[in-house]
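In the numbering used here, the protein residues as written are 172 to 592. In this text, a Cβ means the ideal position worked out from N, Cα and C, and glycines have one as well. All remarks here apply to the structure that follows.
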Amino acid sequence: MAETDVLVRKLKLCVIDEDENVRKEKYKFIRDAQYRQYQLLNRYMSYLTSEFYQSEMDLKSERYKEAYKLSTKDFIFEHNIEYGKGVDTKSLVKRKVQDDFSTAIKNGFMKGERSINNYKRDFPLMTNGRALKFEYDEENNVIIKWVNKIRFKVILSANKKNVNAELVHTLHKIINGEYKLGQSSLYFDKNNNLMLNLSIHFSKKEKVPYIEGRTLGIDLGMKIPAYASVSDKPYIRRYFGDVLELTKAKEQFKARRTRLQQQLRNVKGGKGRKKKLKSFENLSDKERRFTQNYNHQISRRIVDFAKENQCEYINMEYLEGSSFTDKKMLGTWTYYELQQYIKYKAEMDGIKVRFVNPAYTSQTCSKCGYVDSENRLEQEKFVCKKCGNSLNADYNASINIANSTDFVDDKKKNNKKKKVA
172 MAETDVLVRK LKLCVIDEDE NVRKEKYKFI RDAQYRQYQL LNRYMSYLTS EFYQSEMDLK
232 SERYKEAYKL STKDFIFEHN IEYGKGVDTK SLVKRKVQDD FSTAIKNGFM KGERSINNYK
292 RDFPLMTNGR ALKFEYDEEN NVIIKWVNKI RFKVILSANK KNVNAELVHT LHKIINGEYK
352 LGQSSLYFDK NNNLMLNLSI HFSKKEKVPY IEGRTLGIDL GMKIPAYASV SDKPYIRRYF
412 GDVLELTKAK EQFKARRTRL QQQLRNVKGG KGRKKKLKSF ENLSDKERRF TQNYNHQISR
472 RIVDFAKENQ CEYINMEYLE GSSFTDKKML GTWTYYELQQ YIKYKAEMDG IKVRFVNPAY
532 TSQTCSKCGY VDSENRLEQE KFVCKKCGNS LNADYNASIN IANSTDFVDD KKKNNKKKKV
592 A
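What follows is the structure in structure tokens.
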């Protein structure tokens, strides 16, 4: 049987329902279920503790065994507690309290070295992983179906791009069935936001043996979204993505946006205008999701290519601020997001990702090292003014990136300055 690892991710959720009163009722259902669980946890723990003392702290006594068996079978202390419909509170509370009581005994409860658990009012509402059904909606939002016909929408932070890249990738694997869900929990944070502590189980991957020092260099370009080559065998190369496909999709979104803007100008107010505004917002979301999915596909193919060729590292340019000057396609496609997807997926597969100083990677000859801005007179073609080396410009840049040692650390500072002759 394959070994498994466990990830825990925290998700911000909102209840989905067009009727505001129904939404309020569903939030109330969660709070009520959480309160009933809190009551049951403390009642069961008190029961086990009381029976333990009355059995003279002898876990092997007939009295304690009988009391334990009775509690497991009949749950006699649940009187007047109504469980939330569909929530498997009873079995989850049994497991939780029994595990916590056993842990307390092992850690010195009998010697007075620790106390028994006292569960707080805001203890998260436990739920089985099988009760959480993840899927995409028509706008590619991540939706979770839960018990009692409750549906949640996952809210991603607008200010945490690195976190989102990893999280979106993880959610995608859950929806595809690559990751399984374990026992998770719902709670309300200090700002009254509904949160989900999600437990994720996945099979450990066998480490692919790599060739020491071998590096895949990736250049992100205008005509070709990503061009990759291997450091010690530059003839091993491949390009990923199609700018024409991206441009076509972008033009379609732009045309639809223009039509909606015209329709908005023709609608003065009322429900008609609200409906058009909603359509406009949905279109923006759909465009964003298209880009995310495209980046997912390309990043997966790049990492797989690195694995196939036993690369220990992946090198990419560190792009920020003025470094984006020549990357004019940014208006169509997000390089930053693609880099984050590559980084996350590569590290999950045991490949180290490094960022290098982007200066002169497109002007340096990958054969003789001569640097001249005139080496690249055309967007797609590189011709060295010194040795005459001629090749695709993105391919040339990818070789330079693969062999660069001018790294930028995690704090986005150069470790050393590159000298140009």
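DSSP three-state assignment for residue i, whether helix, strand or coil
i	result
arginine 409	strand
phenylalanine 553	strand
glutamate 189	coil
methionine 228	coil
serine 374	strand
methionine 216	helix
threonine 505	coil
arginine 460	helix
arginine 547	coil
phenylalanine 578	strand
arginine 207	helix
glycine 300	helix
serine 470	helix
threonine 386	strand
aspartate 176	strand
glutamate 349	coil
tyrosine 398	strand
methionine 487	strand
asparagine 368	strand
leucine 454	helix
threonine 418	helix
serine 561	strand
valine 379	coil
leucine 184	strand
alanine 535	Residue 535 is actually threonine in this sequence, not alanine. Three-state DSSP puts threonine 535 in a strand.
Other residues of its chain near residue i: CB distance less than 8 Å, five sequence neighbours each side excluded
i	result
isoleucine 513	Ile389, Ser470, Ile473, Val474, Ile485, Met487, Val524
aspartate 456	Glu310, Asn311, Asn312
glutamate 189	none
glutamine 354	Leu263, Met297, Thr298, Asn299, Gly300, Ser370
tyrosine 541	Thr535, Cys555, Lys556, Lys557, Cys558
cysteine 185	Phe323, Lys324, Ile326, Leu365
serine 493	With a pLDDT of only 43 at serine 493, under 50, the local geometry of the prediction cannot be trusted, and no value is derived from it.
histidine 467	Val339, His340, His343, Tyr512
leucine 454	Phe424, Arg427, Arg428, Leu431
arginine 285	Ala275, Asn278, Gly279
Delimiting residues of the alpha helix (DSSP H) encompassing residue i
i	result
lysine 291	Element bounds for lysine 291: n/a, residue is neither H nor E.
serine 356	Element bounds for serine 356: not the alpha helix (DSSP H) but the beta strand (DSSP E), 355-359.
asparagine 599	This structure cannot settle anything about residue 599, because the visible part of the chain is limited to 172 through 592.
phenylalanine 272	260-277
Proximal residues to residue i (C-beta, below 6 Å), its chain only, five neighbours per side dropped
i	result
leucine 178	Ile371
arginine 292	Tyr209
glutamine 205	Leu296
isoleucine 345	Phe305
serine 561	Val554
isoleucine 395	Tyr410, Asp565
serine 537	Asn567, Ile570, Asn571
threonine 532	Ala568, Asn571, Ile572
phenylalanine 272	Leu219
Boundaries (first-last residue) of the beta strand (DSSP E) holding residue i
i	result
glutamate 304	The sequence shown places lysine at residue 304, rather than the glutamate named in the question. Counting along the chain, the beta strand (DSSP E) containing lysine 304 begins and ends at 304-307.
leucine 403	Before going further, note that residue 403 is aspartate rather than leucine in the sequence given. First-last for aspartate 403: undefined, no H or E at that position.
asparagine 480	No beta strand (DSSP E) contains asparagine 480, which DSSP labels as neither H nor E.
arginine 525	523-527
serine 321	In the sequence as presented, serine is not what sits at residue 321; that position holds isoleucine. First-last for isoleucine 321: undefined, no H or E at that position.
Chain-order list of residues whose beta-carbon lies under 7 Å from that of residue i (same chain, five-residue window excluded)
i	result
leucine 303	Ile315, Trp317, Leu352, Ser355
alanine 420	Phe461
threonine 243	Lys265
**OP:** Inspect the CB distances between the region 517-534 and the region 420-427 and report whether three or more fall short of 8 Å.
**Re:** Contact between the region 517-534 and the region 420-427 is absent, with fewer than three C-beta pairs closer than 8 Å.
Subject >> the region 210-229 touching the region 398-405, judged by at least three CB pairs closer than 8 Å >> reply: Counting C-beta pairs closer than 8 Å gives fewer than three between the region 210-229 and the region 398-405, which falls short of the contact rule.
Original post:
Is there contact here, the region 403-412 with the region 566-573, by at least three beta-carbon pairs under 8 Å?
Top reply: Result yes; three or more Cβ-Cβ pairs closer than 8 Å.
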